[in-house]
Amino acid sequence: MGKGDILVYRIYVEKKSNLANEAASLLWSLQNLLGIKNLEGLRIFNRYDVENIDGDLFNGCKTTVFSEPQLDDVYDELPEVFGSHIFAVEYLPGQYDQRADSAAQCIQLISQKERPTVRTAKVYMLEGDSIADDITAVKKYIINPVEAREAGLSLPASLELPVSLPEKIEVLDGFINMGDGSADDIIKKYSLAMDKDDVLFCRDYFKNENRDPTLTELKMIDTYWSDHCRHTTFLTVIDGVKIDDPSVKAAYENYLKIKAETGSKKPVTLMDIATIGAKYLRQKGLLESLDISDEINACTVKIDVDVTNKNGLKSVEKWLLLFKNETHNHPTEIEPFGGAATCIGGAIRDPLSGRAYVYQAMRITGAGDSTADINATLPGKLPQRKIATQAAAGYSSYGNQIGLATGIVDEIYHEGYIAKHMELGAVIGAAPLLNVRRETPLPGDVVILLGGRTGRDGCGGATGSSKSHDVTSIETCGAEVQKGNAPEERKIQRFFRNPEVTKLIKRCNDFGAGGVSVAIGELADGLHINLDKVPKKYEGLDGTELAISESQERMAVVLSPGDAEKFKMLAAAENLEATEIAIVKAEKRLTMEWQNEIIVDISRDFLNSNGAEKRTTVEIPIFTANNTDLYGKFNAKYIKLAGDLNICSKRGLSETFDSTIGAGTVLMPFGGKY
Numbered sequence: 180m181g182k183g184d185i186l187v188y189r190i191y192v193e194k195k196s197n198l199a200n201e202a203a204s205l206l207w208s209l210q211n212l213l214g215i216k217n218l219e220g221l222r223i224f225n226r227y228d229v230e231n232i233d234g235d236l237f238n239g240c241k242t243t244v245f246s247e248p249q250l251d252d253v254y255d256e257l258p259e260v261f262g263s264h265i266f267a268v269e270y271l272p273g274q275y276d277q278r279a280d281s282a283a284q285c286i287q288l289i290s291q292k293e294r295p296t297v298r299t300a301k302v303y304m305l306e307g308d309s310i311a312d313d314i315t316a317v318k319k320y321i322i323n324p325v326e327a328r329e330a331g332l333s334l335p336a337s338l339e340l341p342v343s344l345p346e347k348i349e350v351l352d353g354f355i356n357m358g359d360g361s362a363d364d365i366i367k368k369y370s371l372a373m374d375k376d377d378v379l380f381c382r383d384y385f386k387n388e389n390r391d392p393t394l395t396e397l398k399m400i401d402t403y404w405s406d407h408c409r410h411t412t413f414l415t416v417i418d419g420v421k422i423d424d425p426s427v428k429a430a431y432e433n434y435l436k437i438k439a440e441t442g443s444k445k446p447v448t449l450m451d452i453a454t455i456g457a458k459y460l461r462q463k464g465l466l467e468s469l470d471i472s473d474e475i476n477a478c479t480v481k482i483d484v485d486v487t488n489k490n491g492l493k494s495v496e497k498w499l500l501l502f503k504n505e506t507h508n509h510p511t512e513i514e515p516f517g518g519a520a521t522c523i524g525g526a527i528r529d530p531l532s533g534r535a536y537v538y539q540a541m542r543i544t545g546a547g548d549s550t551a552d553i554n555a556t557l558p559g560k561l562p563q564r565k566i567a568t569q570a571a572a573g574y575s576s577y578g579n580q581i582g583l584a585t586g587i588v589d590e591i592y593h594e595g596y597i598a599k600h601m602e603l604g605a606v607i608g609a610a611p612l613l614n615v616r617r618e619t620p621l622p623g624d625v626v627i628l629l630g631g632r633t634g635r636d637g638c639g640g641a642t643g644s645s646k647s648h649d650v651t652s653i654e655t656c657g658a659e660v661q662k663g664n665a666p667e668e669r670k671i672q673r674f675f676r677n678p679e680v681t682k683l684i685k686r687c688n689d690f691g692a693g694g695v696s697v698a699i700g701e702l703a704d705g706l707h708i709n710l711d712k713v714p715k716k717y718e719g720l721d722g723t724e725l726a727i728s729e730s731q732e733r734m735a736v737v738l739s740p741g742d743a744e745k746f747k748m749l750a751a752a753e754n755l756e757a758t759e760i761a762i763v764k765a766e767k768r769l770t771m772e773w774q775n776e777i778i779v780d781i782s783r784d785f786l787n788s789n790g791a792e793k794r795t796t797v798e799i800p801i802f803t804a805n806n807t808d809l810y811g812k813f814n815a816k817y818i819k820l821a822g823d824l825n826i827c828s829k830r831g832l833s834e835t836f837d838s839t840i841g842a843g844t845v846l847m848p849f850g851g852k853y
């Protein structure tokens with residue numbers, strides 16, 4: 180093939196040897212954790228394949244886009260090293276690749292022409308005699324099948340992904356006539372998070388509708404009613420309580436007393452127990468600052484802010500203060516980097532949907548012993564060290580990119596977290612009250628999808644976090660955890676800081692768990708959504724995928740029809756896509772259209788039922804404290820204490836996070852204002 184016939188260009192970029200920290204860290208892990216003593220060296224190359232670009236532009240980008248000459252070495256071909264073993268790793272198809280996306284955007288900025296197609300992979304070169312037998316173990320340690328796969332080493336003829344055009348959405352023939360015993364088969368066949376009672380509840384609803392449901396309807400309902408979206412566990416009715424512990428019994432009796440005083444007729448649930456205090460205080464007029472809204476955003480209070488203008492004049496402004504915490508335990512357990520990154524992204528998006536600017540974050544996590552022998556890893560789990568280090572990298576990467584100061588960073592080490600990692604992020608944001616408009620959507624209002632495009636990444640995130648898992652679950656969780664796109668959410672932050680923008684928004688919701696179904700479905704009682712208008716990352720998505728794919732970097736906003744064009748113009752100025760995809764209607768039904776067919780048509784009352792009622796009983800035994808020997812030998816106890824991971828300095832962990840970015844830090848991580 181002649182030079183002029185090249186369709187795909189390729190280069191390899193490697194950090195200079197004295198700066199190759201990633202390779203050095205991985206080499207240490209493979210030698211000391213996996214015990215591969217014959218491994219003498221390790222090199223890591225970032226591989227770029229580029230299509231739809233001319234040769235001169237590609238060559239010019241080698242030292243401007245793909246590498247930094249003072250830090251990197253660039254190769255057109257991999258260097259040949261005798262006795263080395265080479266393999267490459269790439270993200271699964273459909274997963275967001277920030278490195279490739281950023282490179283493509285930079286090339287387009289330089290060329291001012293069509294954006295090229297870029298694919299990246301990481302190439303590992305292992306050096307050493309007699310390590311061939313260890314390659315399988317190395318690959319297992321490096322490649323997490325939830326997010327990545329081994330890539331080929333040869334140059335492809337094209338980077339275009341094969342597209343299989345989706346067919347019609349399946350109708351579940353015979354669903355309304357199935358017997359009670361078939362519900363478990365439906366749950367298994369379609370990998371549902373709902374239980375048997377929910378399936379039968381759906382059957383009875385569609386029987387009244389005199390039709391079988393579509394697969395999209397079943398998946399959408401499953402998402403809508405998932406524990407992640409509807410807190411099913413907390414809303415389970417507690418029929419009977421037996422408490423032996425006197426202190427717990429006294430607290431429960433106090434709850435019942437307060438409940439009676441408020442006149443609440445709601446059943447006893449964990450949710451009612453958790454919220455009765457706030458309801459009581461509000462009823463007594465002691466929560467005047469609490470902001471009450473029909474929007475489902477972050478917890479919000481009204482505050483007075485002392486303001487000094489440029490001329491030195493002081494005044495008091497009314498502001499909204501929003502705070503939110505997010506747990507991403509399951510996603511971080513199966514895909515640490517993406518799970519932790521979307522934890523902070525998810526925490527941000529709730530106050531952001533309330534039109535607030537998010538100023539500061541903290542991160543509290545729980546992990547097993549990250550120094551434990553890798554052979555002690557539970558079946559179907561990732562090693563504790565890999566979870567701990569990659570989760571910290573994911574959270575800090577997203578927070579640092581979006582410009583969010585992260586002050587408190589702490590990790591609790593306990594064997595109870597071996598079975599499930601804890602990933603918790605919390606944020607605080609604020610907005611001037613004058614900039615936030617909240618109104619009930621009216622028939623004819625339009626719903627605009629703002630921000631990132633939709634892909635298969637994020638399908639099943641809500642339901643995946645809401646159901647039980649076993650050692651085989653990892654094989655089917657690939658699409659559930661996204662790779663976050665922090666710069667895109669950063670653009671929405673900037674956009675919502677513009678009062679001209681926020682004063683156009685009647686109501687807003689984020690595209691968290693559930694995607695279009697929940698983000699738009701919660702905005703109004705009556706909605707018609709045209710899924711054909713949803714911007715896509717690539718072709719081949721069917722209606723079900725478009726309906727349930729979630730994202731950190733998308734918002735759904737309700738506008739009066741006359742404000743839509745102005746909103747889209749302002750969005751374009753911030754380099755944000757804004758697309759009208761739904762309309763508010765008077766009839767209290769949620770309908771979705773795809774390829775000119777109605778694939779969802781469901782009553783709002785049915786959706787809001789949250790499924791079949793769940794009931795349980797509770798028994799609490801007497802709590803007995805551990806009888807620890809408080810007067811043992813001082814030396815032995817002190818040595819044991821000093822060997823506890825929770826006592827070690829976590830400064831290295833904390834310094835992974837930027838505590839000063841955005842100039843929003845009030846207290847520095849290690850105490851004091853400096």
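Residue numbering for the sequence shown follows my numbering, starting at 180 and increasing by one per position. In this text, a Cβ means the ideal position worked out from N, Cα and C, and glycines have one as well.
Within 7 Å, strictly: CB atoms of Ile310 and Val244: The beta carbons of Ile310 and Val244 sit no closer together than 7 Å.
Limits of the beta strand (DSSP E) - the one that Met771 falls within: First-last of the beta strand (DSSP E) with Met771: 768–773.
Extent of the continuous beta strand (DSSP E) to which Ser494 belongs: Annotation: the continuous beta strand (DSSP E) that includes Ser494 extends over 493–506.
Where His264 sits in the DSSP three-state scheme: The answer is strand: DSSP assigns His264 an E or B state.
Run of the beta strand (DSSP E) containing Pro611, from where it starts to where it stops: 601–611 is the extent of the beta strand (DSSP E) around Pro611.
Buried versus exposed, by CB contacts within 10 Å (16 or more), Met748: Exposed, since its Cβ has fewer than 16 Cβ neighbours within 10 Å.
Boundaries (first-last residue) of the alpha helix (DSSP H) holding Asn211: Asn211 -> alpha helix (DSSP H) spans 200–211.
Opposing strand residues paired with Asn688 [DSSP bridges]: Per DSSP, Ala735.
Gly595 burial status per 10 Å Cβ neighbour count (16 or more: buried): With fewer than 16 other Cβ atoms within 10 Å, it is exposed.
For Asn709: DSSP bridge partner residues: Partner(s): Glu772.
First through last residue of the beta strand (DSSP E) which encompasses Gly220: Start and end: 220–230.
Beta-carbon contacts of Ile840 that lie in its chain and below 6 Å, excluding the five residues immediately before and after: Excluding sequence positions up to five before and after Ile840, its CB lies within less than 6 Å of the CB of Gly582, Ala584, all in the same chain and listed in chain order.
Residue(s) in a DSSP beta bridge with Val695: Bridge partners of Val695: none, in fact.
Classification of Trp207 by the beta-carbon crowding that lies within 10 angstroms, buried from 16 upward: Trp207 is exposed by the Cβ-count criterion.
Through-space distance from His707 to Ile400, alpha-carbon basis: Distance from the CA of Ile400 to the CA of His707, rounded to the nearest whole angstrom, comes to 16 Å.
Contact under 7 Å by Cβ, Gly631 with Ser730: At a Cβ-Cβ threshold of 7 Å, Gly631 and Ser730 count as neighbours.
Closest residue to Gln462 among Val480, Thr479, Lys438, Lys445 (Cα-Cα distance): Ranking Val480, Thr479, Lys438, Lys445 by CA distance to the CA of Gln462 puts Lys438 first.
Sequence-distant residues of its chain with Cβ nearer than 6 Å to Lys489 (five each side left out): Here the set comprises nothing.
Alpha-carbon to alpha-carbon, Arg528 and Met373: Within the model, the alpha-carbon separation for Met373 versus Arg528 is close to 26 Å.
Closest by C-alpha distance to Cys478, when choosing among Ile597, Ala526, Leu449: When Ile597, Ala526, Leu449 are compared, the shortest CA-CA separation from Cys478 is found for Ala526.
Distance CB(Gly155)-CB(Thr395) smaller than 7 Å: With the chain represented from 180 up to 853, any question about residue 155 goes unanswered, as that position is not in the structure.
Ser782 - partner residues in DSSP beta bridges: Arg768.
Residue environment, Thr619, which counts as buried when at least 16 other CB atoms sit within 10 Å: Exposed, by the Cβ-count rule.
Reduced DSSP category for Tyr191 - H, G, I as helix; E, B as strand; rest coil: Strand, per DSSP.
Residue of Leu212, Lys347, Arg382 minimising C-alpha distance to Ser361: Of Leu212, Lys347, Arg382, the residue nearest in Cα terms is Arg382.
Length of the line joining the Cα atoms of Val447 and Ile417: Rounded to the nearest angstrom, the gap between the Cα atoms of Val447 and Ile417 is 6 Å.
Contact under 7 Å by Cβ, Thr296 with Glu349: No, they are not a contact pair.
Unbroken alpha helix (DSSP H) run spanning Lys421, endpoints: Element bounds for Lys421: not the alpha helix (DSSP H) but the beta strand (DSSP E), 416–422.
Bridge partners - Asp589, DSSP secondary structure assignment: Residue pairing by DSSP places Asp589 opposite Ile543 in a beta bridge.
Continuous alpha helix (DSSP H) assignments of at least 4 residues falling wholly in the region 358–401: Correct list: 362–368, 375–388.
Candidates Asn688, Leu344, Met450: closest to Glu718 by CA position: Closest in C-alpha terms to Glu718, from the list Asn688, Leu344, Met450, comes Leu344.
Thr521 versus Asp473: straight-line alpha-carbon distance, rounded: C-alpha of Thr521 to C-alpha of Asp473: approximately 25 Å in a straight line.
Pairwise C-alpha distance: Ile566 and Glu834: Looking at the two C-alpha atoms, the distance is approximately 18 Å.
Euclidean distance between Cα positions of Ala750 and Arg768: Cα to Cα, Ala750 sits roughly 30 Å from Arg768.
For Ala584, the residue or residues it bridges with in DSSP: Answer is Gln539, bridged to Ala584.
Candidates Arg617, Gly547, Tyr538, Gly573: closest to Ile607 by CA position: Nearest neighbour of Ile607 by Cα position, chosen from Arg617, Gly547, Tyr538, Gly573, turns out to be Tyr538.
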